[in-house]
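Visitor: Residue numbers (my numbering): 185 to 651.
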Amino acid sequence: MMQYLIDNFNTDAVVFMNIVVEGYFFMIAVLFACWLKPYTARHRAAYSAAGVYYVMQLINNHAETSKTVDRLLGLGMMVFSFMVVWLLDKKRNPVQKAFLIVVFRLISWLTIEIFSEIGLIEGELIENSDWYGYSLEATIIEFYLWNFLQYTLAIVLLYLVIRILQKAYICKEKELSRHELVMLVMPVVTLLLVKPIMSQYYRLWMDGMKNGSISGIIPADPFRILFSICSLVIVIILVTVYQKLMEKQEDDFEVRELNKQINDAHRHIGHIEEIYDRMRGIRHDMGNHLTVIESLAESGKTNELVNYIGELRGCFEELKPSVITGNAVTDIVLSEVKERCEKEGIDFETGFIYPEKFDVNPFDMSIILTNALQNAVEASKSSEKPQISIMSVIKEHFLIINIRNSIAQKVETAEDGIPYSTKMGDGHGYGLKNIRRIAQKYKGDLEIRQEKHDGELFFVLNIMLIG
């Protein structure tokens, strides 16, 4: 076996390196898909972008091109990958996807650069050893073993860096703003610009070795290893710091949303107090009303009596909520939703009854209903036959609130099951998260389904609370 390797080393070494390099490119594409996948609603977008990335790597590796064309192909890898993942992912979060692709390009280069530099150090050590050049078998084994290890370890390191970055990059569904992109990308691009400088250095050295103006292999430089390691650390720190800022911003948005819900609750309570004040006023004047009715009856003024009683009944009807649930707060919430649905042309059906014997704070119930029904109204408006229904069922210690609304098209969901918000700007998409938080407060959770019935598509939200 060893004699065969010695006799065919020149041809086999080329074949071996081609296999190793193309295997490395394939694994790079696999890791590229793994890198993009958590940030895409449609995972085939990540796989397709990885396929484009892989093909362009092969073209760049096999085509005999100038350094200018090489750089254009490198740029093309990022541009075409971006276009594919953006278009196939329903054009979601373009700024974030651009950032992800630039970061991957940097970290994939840095990881192989680290082991390439280590390979130069290893080469110098081997060249200066006593057995190098005297033991042909050991030299061949070293060649095969190190080149295999070099690319394998680069893949392992890249995988670890990806895992660290994905763990640090928590807000995966949030789109980056343009100023955030500039803040994050500028350091990354600056580091990436070193790549063509170092490539030019290697190219000039190799050209010198070919024409005989330079003797010896490319010298190792520990500072290039240090640069690559520090660059990886900088990227990790950059993403981590950005996420800390985003977490603080998320907290601010949640506080803002909570304040809005508190204001809504105060408004509902104020509405209830207004109704009670008017009821007290009517009750206070009831003696006068009865006197007028008695006088009209005694005088035989039937028409006036009927009109007066009708006006009095109208006053009571105005005070009565259009939806009766058994609780004043939820009466107001559902009545407001019903009035809005009537204005928007949405068919609204309710069978919700407030669970009197169920230990649920009316304020929590108000938040659940307000968030869920606001989302339902917004989602159903774009459907052909807009409709919303809300029902409640109590089974032993379980309260289940079922909200069902029509939707125009299937909704993409994140890993936690919560649909991606279709609203633009910051501070959106907290409705279902707030509902889940309250459900978990009562040891419950959410169930989200999308189903078809009679050709219509519906979004179904089941909220379970345990009392």
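By construction, the Cβ of each residue, glycine as well, lies at the ideal position given by its N, Cα and C atoms.
Can you give the Cα-Cα distance for L215 and N555, rounded to whole angstroms?
Guide: Answer to the nearest angstrom: the Cα atoms are 39 Å apart.
Visitor: Where does D254 fall in DSSP's three states?
Guide: DSSP places D254 in helix when its eight states are reduced to three.
Visitor: Cutting at 8 Å between CB atoms, please list the residues of its own chain near F642, excluding the five before and the five after it.
Guide: Result list for F642: R588, N589, S590, I591, Q634, E635, K636, in chain order.
Visitor: Could you check what DSSP says for K281 in three-state terms: helix, strand or coil?
Guide: Three-state result, K281: helix.
Visitor: If I measure Cβ to Cβ from M608 and keep anything under 6 Å in the same chain, skipping five residues before and after, which residues do I get?
Guide: Only weak support exists for where M608 lies, its pLDDT of 44 falling under 50; the coordinates are left without a value.
Visitor: Can you tell which of V419, R440, G510 has its C-alpha closest to the C-alpha of Q350?
Guide: Cα-wise, what sits closest to Q350 is V419.
Visitor: Going by Cα to Cα distance, which pick from P570, A233, M261, E326 is closest to N245?
Guide: It is M261 whose Cα lies nearest to the Cα of N245.
Visitor: Identify whether G651 lies in helix, strand or coil by the three-state DSSP scheme.
Guide: Correct three-state label for G651: coil.
Visitor: Please return the same chain residues whose Cβ sits closer than 7 Å to the Cβ of M575, not counting the five positions on each side in sequence.
Guide: Excluding residues within five positions, the ones whose Cβ falls inside 7 Å are G535, F536, N586.
Visitor: Could you have a look at T509 and say whether DSSP puts it in helix, strand or coil?
Guide: T509 falls in the coil class under three-state DSSP.
Visitor: Go to D548, then tell me how far its alpha helix (DSSP H) extends in each direction, as first and last residue.
Guide: Taken as a continuous stretch (DSSP letters only), the alpha helix (DSSP H) holding D548 covers 546 to 564.
Visitor: By DSSP, does S265 sit in helix, in strand, or in coil?
Guide: Three-state DSSP puts S265 in a helix.
Visitor: Give me the Cβ distance between Y328 and Y208, rounded to the nearest whole Å; I'm assuming they're in contact under 8 Å.
Guide: Their Cβ separation, rounded to whole angstroms, is 15 Å, which puts Y328 and Y208 out of contact at 8 Å.
Visitor: What does a CB cutoff of less than 8 Å around Y242 pick up in its chain, not counting 5 residues either side in sequence?
Guide: For the record, residue 242 in the displayed sequence is Leu; it is not Tyr. Only E206, F209 meet the Cβ criterion.
Visitor: Within the chosen definition, does the region 222 to 241 reach the region 368 to 376 through at least 3 CB pairs nearer than 8 Å?
Guide: The region 222 to 241, when compared against the region 368 to 376, does not touch it at the 8 Å Cβ threshold.
Visitor: When the Cβ atoms of the region 352 to 367 are set against those of the region 402 to 414, are three or more pairs found closer than 8 Å?
Guide: Judged by Cβ distances under 8 Å, the region 352 to 367 makes no contact with the region 402 to 414, as fewer than three pairs qualify.
Visitor: Using C-beta distances below 7 Å, list every residue in its chain close to I305, excluding the 5 sequence neighbours before and after it, in chain order.
Guide: A404, listed in sequence order.
Visitor: Quick check: the Cα distance between I324 and E359, rounded to an integer number of angstroms?
Guide: Approximately 51 Å, taken between the alpha carbons.
Visitor: So which of E640, F283, I619 has the shortest CA-CA distance to I662?
Guide: With the chain covering only 185 through 651, there is no way to say anything about residue 662.
Visitor: Would the region 551 to 571 and the region 513 to 533 be scored as touching if the rule is three or more Cβ pairs under 8 Å?
Guide: Touching, yes.
Visitor: CA-CA distance, A352 and N277?
Guide: Their Cα atoms are separated by approximately 19 Å.
Visitor: Can you give the beta carbon distance from V513 to S573, rounded, assuming they're within the 8 Å contact cut?
Guide: Contact doesn't hold; Cβ gap of about 21 Å is too wide.
Visitor: Would you list the residues sitting across from D638 in a DSSP beta bridge?
Guide: Its beta-bridge partners do not exist; DSSP assigns none.
Visitor: Report the rounded CA-to-CA distance for K379 versus W293, giving the unit in angstroms.
Guide: Using only the alpha carbons, I get a separation of about 8 Å.
Visitor: Leaving out the 5 sequence neighbours to the left and right, which residues in its chain are closer than 7 Å to G484 when beta-carbon positions are compared?
Guide: Result list for G484: empty, nothing under 7 Å.
Visitor: Compare the beta carbon distance of A247 and V269 with 8 Å and say whether it is the shorter of the two.
Guide: For A247 and V269, no; Cβs fall outside 8 Å.
Visitor: With Q241 as the anchor, note down where its alpha helix (DSSP H) starts and where it stops.
Guide: Start and end: 227 to 246.
Visitor: Applying the 10 Å Cβ sphere with the 16-neighbour rule, what's the burial state of S300?
Guide: It counts as buried.
Visitor: Measuring straight from C-alpha to C-alpha, what distance separates I622 and K527?
Guide: Cα-Cα distance, rounded: 30 Å.
Visitor: What three-state label does DSSP hand Q433 in the structure shown?
Guide: Helix, per DSSP.
Visitor: Is K522 buried or exposed, if buried means 16 or more other CB atoms sit within 10 Å of its CB?
Guide: Buried.
Visitor: Please classify L410 as buried or exposed, where buried requires at least 16 neighbouring CB atoms within 10 angstroms.
Guide: By the neighbour-count rule (16 or more Cβ atoms within 10 Å), L410 is not buried but exposed.
Visitor: Would you kindly work out how many angstroms separate the C-alpha atoms of M382 and P406, rounded to a whole number?
Guide: Whole-angstrom Cα-Cα distance: 14 Å.
Visitor: Name, in chain order, the residues that DSSP records as bridge partners for G535.
Guide: Per DSSP, M575.
Visitor: From the DSSP output, which residues share a beta bridge with T597?
Guide: Answer by DSSP bridge pairing, in chain order: P603.
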